[in-house]
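For the sequence shown, the working numbering assigns the number 2 to the initial residue and increments by one for each residue that follows.
Think of the CB as a built atom: it goes at the ideal place given N, C-alpha and C, for glycine as much as any other residue.
Being a predicted model, the structure only gives us computed values, none of them experimental.
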Amino acid sequence: MGSNWKNLKIVASLLSAIALTQFCGSNTSVRAADTVVVRFGLLAESISLAELHKAADTGEFPRGLELYIGGISPEKRRNFLRMLKVKVPIDVVTLSSLLHTEIGTTVLSNLSEALVREDQAGVQALRAAFVLGATQPEGLSLLSFIAAYPSQRLEINVLKAFQVARSVNTSFWRTPEAINYEMTD
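Here is the structure:
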(Lines of atoms letter the chains of each structure in order from A; the text may use other names.)
(Lines give C-alpha, C1' and ligand atoms only; values in the text may rest on other atoms or scores of the structure.)
Protein backbone atom coordinates (compact mmCIF):
# COMPACT_ATOMS: atom_id res chain seq x y z
CA MET A 2 0.00 0.00 0.00
CA GLY A 3 2.85 2.38 0.90
CA SER A 4 4.63 2.02 -2.44
CA ASN A 5 1.34 2.50 -4.33
CA TRP A 6 0.77 5.76 -2.46
CA LYS A 7 4.32 6.89 -3.24
CA ASN A 8 3.85 6.02 -6.93
CA LEU A 9 0.53 7.87 -6.99
CA LYS A 10 2.19 10.97 -5.50
CA ILE A 11 4.96 10.82 -8.10
CA VAL A 12 2.47 10.48 -10.96
CA ALA A 13 0.35 13.33 -9.55
CA SER A 14 3.44 15.53 -9.25
CA LEU A 15 4.50 14.71 -12.80
CA LEU A 16 1.02 15.51 -14.12
CA SER A 17 1.03 18.78 -12.16
CA ALA A 18 4.40 19.70 -13.64
CA ILE A 19 3.22 18.87 -17.15
CA ALA A 20 0.01 20.83 -16.63
CA LEU A 21 1.96 23.82 -15.33
CA THR A 22 4.33 23.59 -18.27
CA GLN A 23 1.48 23.38 -20.78
CA PHE A 24 -0.58 26.08 -19.09
CA CYS A 25 2.21 28.53 -18.44
CA GLY A 26 4.88 27.29 -20.83
CA SER A 27 3.20 28.46 -23.99
CA ASN A 28 2.79 31.93 -22.51
CA THR A 29 6.12 32.34 -20.71
CA SER A 30 7.57 34.62 -23.38
CA VAL A 31 4.66 37.01 -22.89
CA ARG A 32 4.17 36.73 -19.16
CA ALA A 33 7.64 35.83 -17.86
CA ALA A 34 9.66 38.23 -15.79
CA ASP A 35 11.90 40.42 -17.87
CA THR A 36 12.76 42.77 -15.00
CA VAL A 37 13.81 42.33 -11.39
CA VAL A 38 12.95 45.20 -9.07
CA VAL A 39 14.86 45.39 -5.80
CA ARG A 40 13.24 47.53 -3.09
CA PHE A 41 15.15 48.77 -0.08
CA GLY A 42 12.76 50.91 1.94
CA LEU A 43 11.68 53.78 -0.28
CA LEU A 44 14.47 53.14 -2.79
CA ALA A 45 13.92 50.84 -5.73
CA GLU A 46 16.15 49.81 -8.58
CA SER A 47 15.32 47.61 -11.52
CA ILE A 48 17.53 45.45 -13.68
CA SER A 49 16.46 43.62 -16.80
CA LEU A 50 16.88 39.89 -17.17
CA ALA A 51 19.12 40.58 -20.18
CA GLU A 52 21.37 42.75 -17.97
CA LEU A 53 21.51 39.98 -15.36
CA HIS A 54 22.51 37.45 -18.04
CA LYS A 55 25.19 39.85 -19.30
CA ALA A 56 26.44 40.48 -15.75
CA ALA A 57 26.63 36.74 -15.09
CA ASP A 58 28.55 36.23 -18.36
CA THR A 59 30.94 39.19 -18.00
CA GLY A 60 31.28 39.35 -14.22
CA GLU A 61 30.41 43.06 -14.23
CA PHE A 62 27.32 44.73 -12.79
CA PRO A 63 25.55 47.38 -14.90
CA ARG A 64 26.69 50.93 -14.14
CA GLY A 65 23.28 51.96 -12.79
CA LEU A 66 23.71 49.64 -9.82
CA GLU A 67 26.99 51.12 -8.57
CA LEU A 68 25.21 53.06 -5.81
CA TYR A 69 23.63 49.87 -4.48
CA ILE A 70 26.61 47.56 -4.72
CA GLY A 71 29.27 50.03 -3.59
CA GLY A 72 29.28 48.65 -0.04
CA ILE A 73 29.59 45.04 -1.13
CA SER A 74 33.04 43.52 -1.29
CA PRO A 75 34.34 42.49 -4.74
CA GLU A 76 34.42 38.85 -3.60
CA LYS A 77 30.73 38.91 -2.61
CA ARG A 78 29.85 40.56 -5.93
CA ARG A 79 31.67 37.82 -7.84
CA ASN A 80 29.96 35.14 -5.74
CA PHE A 81 26.53 36.64 -6.42
CA LEU A 82 27.17 36.81 -10.16
CA ARG A 83 28.44 33.22 -10.14
CA MET A 84 25.35 32.08 -8.22
CA LEU A 85 23.07 33.44 -10.95
CA LYS A 86 24.10 30.58 -13.25
CA VAL A 87 24.64 27.76 -10.75
CA LYS A 88 22.46 24.83 -11.74
CA VAL A 89 20.49 23.22 -8.93
CA PRO A 90 20.79 19.47 -9.49
CA ILE A 91 17.13 18.47 -9.17
CA ASP A 92 14.71 17.06 -11.70
CA VAL A 93 11.32 18.63 -12.28
CA VAL A 94 9.29 15.73 -10.85
CA THR A 95 11.24 15.68 -7.59
CA LEU A 96 11.06 19.46 -7.31
CA SER A 97 7.33 19.54 -8.00
CA SER A 98 6.75 16.78 -5.45
CA LEU A 99 8.77 18.65 -2.85
CA LEU A 100 7.00 21.96 -3.49
CA HIS A 101 3.60 20.29 -3.06
CA THR A 102 4.42 18.94 0.41
CA GLU A 103 3.44 20.76 3.58
CA ILE A 104 7.07 21.77 4.18
CA GLY A 105 7.48 22.92 0.57
CA THR A 106 4.35 25.04 0.77
CA THR A 107 5.54 26.53 4.07
CA VAL A 108 8.90 27.45 2.55
CA LEU A 109 7.17 29.01 -0.48
CA SER A 110 4.84 30.92 1.84
CA ASN A 111 7.82 32.26 3.79
CA LEU A 112 9.64 33.23 0.60
CA SER A 113 6.53 34.93 -0.79
CA GLU A 114 6.62 37.38 2.14
CA ALA A 115 9.64 39.01 0.50
CA LEU A 116 7.79 39.57 -2.78
CA VAL A 117 5.90 42.73 -3.60
CA ARG A 118 2.71 41.69 -5.39
CA GLU A 119 -0.67 43.29 -5.90
CA ASP A 120 -2.41 39.93 -5.52
CA GLN A 121 -2.04 37.09 -3.04
CA ALA A 122 -0.60 34.60 -5.53
CA GLY A 123 2.99 34.67 -4.29
CA VAL A 124 3.13 30.99 -3.36
CA GLN A 125 1.65 29.88 -6.68
CA ALA A 126 3.93 32.22 -8.63
CA LEU A 127 7.02 30.91 -6.83
CA ARG A 128 5.98 27.29 -7.31
CA ALA A 129 5.39 27.85 -11.03
CA ALA A 130 8.72 29.67 -11.45
CA PHE A 131 10.65 26.87 -9.73
CA VAL A 132 8.95 24.12 -11.75
CA LEU A 133 9.11 25.95 -15.09
CA GLY A 134 12.70 27.04 -14.39
CA ALA A 135 13.64 23.40 -13.82
CA THR A 136 12.20 22.46 -17.23
CA GLN A 137 14.62 24.76 -19.07
CA PRO A 138 17.46 23.13 -21.05
CA GLU A 139 20.05 24.66 -18.69
CA GLY A 140 18.11 23.40 -15.65
CA LEU A 141 17.07 25.31 -12.55
CA SER A 142 19.19 28.33 -11.71
CA LEU A 143 18.42 31.81 -10.42
CA LEU A 144 18.33 33.07 -14.00
CA SER A 145 15.97 30.33 -15.22
CA PHE A 146 13.81 30.88 -12.12
CA ILE A 147 13.54 34.62 -12.84
CA ALA A 148 12.86 33.99 -16.53
CA ALA A 149 10.05 31.59 -15.61
CA TYR A 150 8.46 33.83 -12.96
CA PRO A 151 4.85 34.35 -14.16
CA SER A 152 4.76 38.13 -14.13
CA GLN A 153 6.46 40.83 -16.16
CA ARG A 154 8.56 41.75 -13.14
CA LEU A 155 9.85 40.06 -10.03
CA GLU A 156 9.76 42.62 -7.23
CA ILE A 157 11.70 41.86 -4.05
CA ASN A 158 11.57 43.73 -0.75
CA VAL A 159 15.18 43.37 0.46
CA LEU A 160 14.42 44.13 4.12
CA LYS A 161 11.70 41.45 4.16
CA ALA A 162 14.02 39.06 2.31
CA PHE A 163 16.63 39.42 5.08
CA GLN A 164 13.92 38.82 7.71
CA VAL A 165 12.74 35.71 5.88
CA ALA A 166 16.33 34.44 5.51
CA ARG A 167 16.97 34.90 9.23
CA SER A 168 13.67 33.21 10.09
CA VAL A 169 14.31 30.24 7.79
CA ASN A 170 17.87 29.92 9.06
CA THR A 171 16.74 30.04 12.71
CA SER A 172 14.02 27.47 12.06
CA PHE A 173 16.50 25.17 10.32
CA TRP A 174 18.95 25.23 13.20
CA ARG A 175 16.17 24.20 15.59
CA THR A 176 15.42 20.99 13.67
CA PRO A 177 16.79 17.58 14.70
CA GLU A 178 18.60 17.31 11.33
CA ALA A 179 20.53 20.49 12.08
CA ILE A 180 21.44 19.31 15.56
CA ASN A 181 22.77 16.06 14.06
CA TYR A 182 24.62 18.11 11.42
CA GLU A 183 26.31 20.26 14.10
CA MET A 184 27.35 17.17 16.06
CA THR A 185 28.98 15.55 13.04
CA ASP A 186 30.92 18.64 11.95
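Burial state of residue i (16 or more Cβ within 10 Å)
i: Arg128; result: buried
i: Leu43; result: exposed
i: Gly71; result: exposed
i: Gly134; result: buried
i: Thr22; result: Low confidence applies to Thr22: its pLDDT is 43, below 50, so where it sits in the model is not reliable enough to give any reading.
i: Leu144; result: buried
i: Ala34; result: buried
i: Ser27; result: Note that Ser27 scores a pLDDT of 42, beneath 50, so its modelled location is shaky and nothing firm can be said.
i: Val87; result: exposed
Pair within 9 Å by beta-carbon distance, residue i and residue j
i: Glu46; j: Leu82; result: no
i: Val37; j: Glu119; result: no
i: Arg40; j: Phe62; result: no
i: Leu85; j: Ala51; result: no
i: Val108; j: Val169; result: yes
For residue j and residue i, believed in contact at Cβ under 8 Å, the rounded distance
i: Ile104; j: Leu141; result: With 8 Å as the limit, Ile104 and Leu141 do not qualify as a contact, their Cβ atoms being about 18 Å apart.
i: Val124; j: Leu96; result: Actually they do not touch by this definition, with Cβ atoms about 15 Å apart.
i: Arg161; j: Ala115; result: Per the sequence shown, residue 161 should be read as Lys rather than Arg. Going by Cβ atoms, the distance from Lys161 to Ala115 rounds to 4 Å, so yes, they are a contact pair.
Euclidean distance between Cα positions of residue i and residue j
i: Tyr150; j: Ala122; result: 12 Å
i: Ser74; j: Leu66; result: 14 Å
i: Ser98; j: Phe163; result: 27 Å
i: Ala166; j: Leu53; result: 22 Å
i: Leu112; j: Thr59; result: 29 Å
i: Asn80; j: Thr102; result: 31 Å
i: Gln153; j: Thr106; result: 23 Å
i: Gln137; j: Val94; result: 13 Å
i: Val117; j: Phe146; result: 17 Å
i: Ile48; j: Ala148; result: 13 Å
i: Glu76; j: Ala130; result: 28 Å
i: Ser110; j: Arg64; result: 34 Å
Contact test: residue i Cβ vs the ligand ADP heavy atom, cutoff 8 Å
i: Arg167; result: Inclusion of the ligand ADP in the displayed structure is not the case, the ligand content being empty and no account of it being possible.
Output the residue ranges of the alpha helix (DSSP H) runs that lie fully inside the stretch 45-78 and measure 4 residues or longer, sorted by chain position.
50-59 and 67-70
Threshold first: 3 residues or longer. Then list the beta strand (DSSP E) segments lying entirely within the stretch 98-167, N to C.
154-158
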